[in-house]
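Enquirer: Here's a structure for you.
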Amino acid sequence: MWTVEELEMICHALRAESEGREDPDAGRRAADETLVEEIEREVAEYREWYAKHRSSESIENSVEPPDELRERLWLIGWMIYEASWQILRWARRDDVGAEINYRAGRLIGRLAEVARILPWPHFAPRSLGAIRAEALVSSKRDTPQGYNEAFLQHKEARERRDHYVENHGRAPGRELELLGLEEIFLQLVLAETGTACRTAERFIGRWLDELDKEEHERQWTVDDEEYWVEILYQQLSVAVVIGEQALDKAAEIERAYGLVKRVGRDRLALRTAFRNPGIMTARAALHLLPLTYEMQALDLEPGSDYESWEEMREATVRRFVKAYQAIEKPVLDENDRPVPLITDHRRSVAQLRLNAAIVLPGLDLPSTLDFADFLERNPLDDDAAEAISAWLAEKDSTGKIHGNANAIGSVTMPAFLRGVAACRDERGVSGGYREWRQRWFVLDRYIGQGDRRERAERALKDY
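So my numbering is basically just the index in the sequence shown, starting at one, shifted up by 260.
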């Protein structure tokens, strides 16, 4: 069994490896099969300890781990979190080959199973990160079955987290574990919201790709569209709600404990904690809006919270704006200097503003950011869309553009195309989307895949 000092050292080494830096005390350690085997053996010993403890203690005394194990549980939970996240980076890569991705996915599955069988798991809150990673591996398969499995795994992780909070109840001395459960909640919800967006983007952008395949290879047919519109609407609706919960939770943690510069033994929520949930929640809201018109055309209800589709759409626009504003929430370093957006977040800001300019023309969305001239364009309209598109299409010294236009630049699903037109019509803007796609085909996220241009032109022609 590892000592407490050894456990903590390995955790710091894993974190250093993930961040690409040297830890002067712990060094660096890559997560691999050897480490997973060691974690499995460690937890097997904890389970033996648990069995002996249960047989020698009263029920009342067995609900909490012995002192010798409590700190170890916290640290093994952190180790499982770090290892699963590091391996996930391999499992989600497109340049390492199917066999490596498969092996990485298997290792994450083993870590998720370890998280499930931990004794006193509510004392190891970060271990839930392995189930989150398992869900992301499932979604990476980019199949309807993979997406369904991912949502079940996300749901499991959230429900386990809620159950762990209940297990602690009002017992004294649980502050660290309860804060850990609050902080891991941010990670769980962020991943689940991201999966909802990824699923929607797959169907929205690759609809015709599947229909053009041989019949026995298709993952859906033309008759499945109404079914998937309803499924995507439900999943994105949940994603917006839980994304908002993540933003609210980040605000609670900031008020009560503050946010930290770097992940460590006791803290997980970084001072940039609002940015990723803001991006994903705003993204889900924008994907949701065009689907509402098809749902309405199918004579379906918007949900119990709304009396009409108009009310639902107005609320979704407000939710998008609130989530977007969270991305721009000022973040200061220890010297009170602004912490700039990372490159990925800059691209996301551009994509969100472009998407909004197209589906919500005329939206008033001022920006306090200054990394590009297009941020001065407000309200968001077709002129703003042109400026943002030009920035995304700019090439760096290697010939790589800033980014694609995400879902709005890749739509081939007829229902979503009709929804985009309906969004624009409702705001008094007729047409324009087809012409924008034709001008900025370079921003199609699947531009490098075979006869993509012909397929996109066919989708636009029919719409």
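Even for Gly, the Cβ is constructed at its ideal location relative to N, Cα and C.
Source: prediction; values computed, not measured.
From residue 331 to residue 384, what distance separates their C-alpha atoms?
Expert: Near 9 angstroms, if we compare the C-alpha coordinates of residue 384 and residue 331.
Enquirer: Please classify residue 399: is it buried, with 16 or more other beta-carbons within 10 angstroms of its beta-carbon, or exposed?
Expert: Label assigned to residue 399: buried.
Enquirer: Three or more C-beta pairs closer than 8 angstroms, one from the segment 597-611 and one from the segment 655-673: is that the case here?
Expert: Output reads yes: the segment 655-673 touches the segment 597-611.
Enquirer: Give the straight-line distance between the Cα atoms of residue 429 and residue 302, rounded to the nearest whole angstrom.
Expert: Spanning the two alpha carbons is a distance of roughly 28 angstroms.
Enquirer: Between 686, 625, 613 and 579, which lies nearest to residue 650 when the distance is taken from Cα to Cα?
Expert: Among 686, 625, 613 and 579, the Cα nearest to that of residue 650 belongs to 613.
Enquirer: Which residue wins for smallest C-alpha separation from residue 504, given the options 481, 600, 534 and 595?
Expert: Comparing Cα positions, the closest option is 534.
Enquirer: When the Cα atoms are used, what is the spatial distance from residue 423 to residue 517?
Expert: Those two C-alpha atoms are separated by around 23 angstroms.
Enquirer: Would residue 342 and residue 274 be called neighbours here (beta carbons separated by less than 7 angstroms)?
Expert: Yes, Cβ-Cβ distance for residue 342 and residue 274 is below 7 angstroms.
Enquirer: For residue 427, which residues in the same chain have their Cβ closer than 6 angstroms to its Cβ, ignoring the five residues on either side in sequence?
Expert: 382, listed in sequence order.
Enquirer: Shortest alpha-carbon distance to residue 692 belongs to which of 681, 283, 719 and 669?
Expert: Of 681, 283, 719 and 669, the residue nearest in Cα terms is 681.
Enquirer: To test your reading of the DSSP string, which unbroken alpha helix (DSSP H) runs of 4 or more residues are found completely within the segment 442-526?
Expert: Counting only runs of 4 or more, we get 485-517.
Enquirer: I'd like to know if the segment 472-483 and the segment 689-705 are in contact, where contact means that at least 3 CB-CB pairs between them fall below 8 angstroms.
Expert: Segments in contact, no.
Enquirer: What residues in its chain sit with their C-beta under 7 angstroms from that of residue 437, if we drop five residues either side in the sequence?
Expert: Only 382, 383, 385 and 428 meet the Cβ criterion.
Enquirer: Taking the alpha-carbon of residue 324 as reference, which of 374, 272, 368 and 379 has the nearest alpha-carbon?
Expert: Checking every option, the nearest Cα to that of residue 324 belongs to 379.
Enquirer: Are the CB atoms of residue 675 and residue 640 nearer to each other than 7 angstroms?
Expert: Against a cut-off of 7 angstroms, the Cβ pair of residue 640 and residue 675 comes out as no contact.
Enquirer: I need the straight-line Cα distance from residue 563 to residue 415, nearest angstrom please.
Expert: Approximately 20 angstroms, taken between the alpha carbons.
Enquirer: Between which two residues does the alpha helix (DSSP H) holding residue 270 run?
Expert: 264-279 is the extent of the alpha helix (DSSP H) around residue 270.
Enquirer: Tell me where the alpha helix (DSSP H) around residue 582 begins and ends.
Expert: Residues 569-587.
Enquirer: Expressed to the nearest angstrom, what Euclidean distance is found between the alpha-carbon atoms of residue 579 and residue 705?
Expert: When rounded, the distance between both Cα atoms is 26 angstroms.
Enquirer: Can you check DSSP and say which residues form a bridge with residue 598?
Expert: DSSP, once it has assigned bridges, lists 592 as partnering residue 598.
Enquirer: Expressed to the nearest angstrom, what Euclidean distance is found between the alpha-carbon atoms of residue 507 and residue 542?
Expert: Going by the C-alpha atoms only, they are around 11 angstroms apart.
Enquirer: For a test of the three-state rule: what should DSSP assign to residue 371, helix, strand or coil?
Expert: If DSSP states are grouped into helix, strand and coil, residue 371 belongs with the helices.
Enquirer: Do residue 492 and residue 460 have their CB atoms nearer than 7 angstroms?
Expert: Yes, Cβ-Cβ distance for residue 492 and residue 460 is below 7 angstroms.
Enquirer: Figure out for me which residue from 369, 456, 368 and 425 has the closest Cα to the Cα of residue 402.
Expert: Of the candidates 369, 456, 368 and 425, the one whose C-alpha sits nearest the C-alpha of residue 402 is 456.
Enquirer: Quick one: measure Cβ to Cβ for residue 618 and residue 668, integer angstroms, because I've assumed they're closer than 8 angstroms.
Expert: Contact flag correct, Cβ pair sits at about 5 angstroms.
Enquirer: Three or more C-beta pairs under 8 angstroms: does that hold for the segment 542-554 against the segment 566-576?
Expert: Because the criterion of three Cβ pairs below 8 angstroms is met, the segment 542-554 and the segment 566-576 touch.
Enquirer: Return the Cβ separation of residue 350 and residue 372 in integer angstroms, given the expectation that the two are a contact with Cβ distance under 8 angstroms.
Expert: No, residue 350 and residue 372 are not in contact; Cβ-Cβ is about 16 angstroms, not under 8 angstroms.
Enquirer: Alpha carbon to alpha carbon, what distance is there between residue 599 and residue 528?
Expert: If you take the alpha carbons of residue 528 and residue 599, they lie about 18 angstroms apart.
Enquirer: Let me confirm a value: residue 362 is counted as buried when at least 16 other C-beta atoms fall within 10 Å, else exposed. Which label applies?
Expert: Exposed, since its Cβ has fewer than 16 Cβ neighbours within 10 Å.
Enquirer: Does chain C have any CB closer than 7 angstroms to the CB of residue 364?
Expert: Note that chain C does not occur in the displayed structure, where there is just one protein chain.
Enquirer: Is it right to say residue 277 is buried, meaning 16 or more other beta carbons lie within 10 angstroms of its own, or is it exposed?
Expert: Its Cβ being crowded by 16 or more others within 10 Å, residue 277 is buried.
Enquirer: Closer than 7 angstroms by C-beta to residue 267: which residues in its own chain qualify, once you throw out the five before and the five after it? Chain order, please.
Expert: Counting only Cβ-Cβ distances below 7 angstroms, and skipping sequence neighbours, we find 332, 335, 336 and 339.
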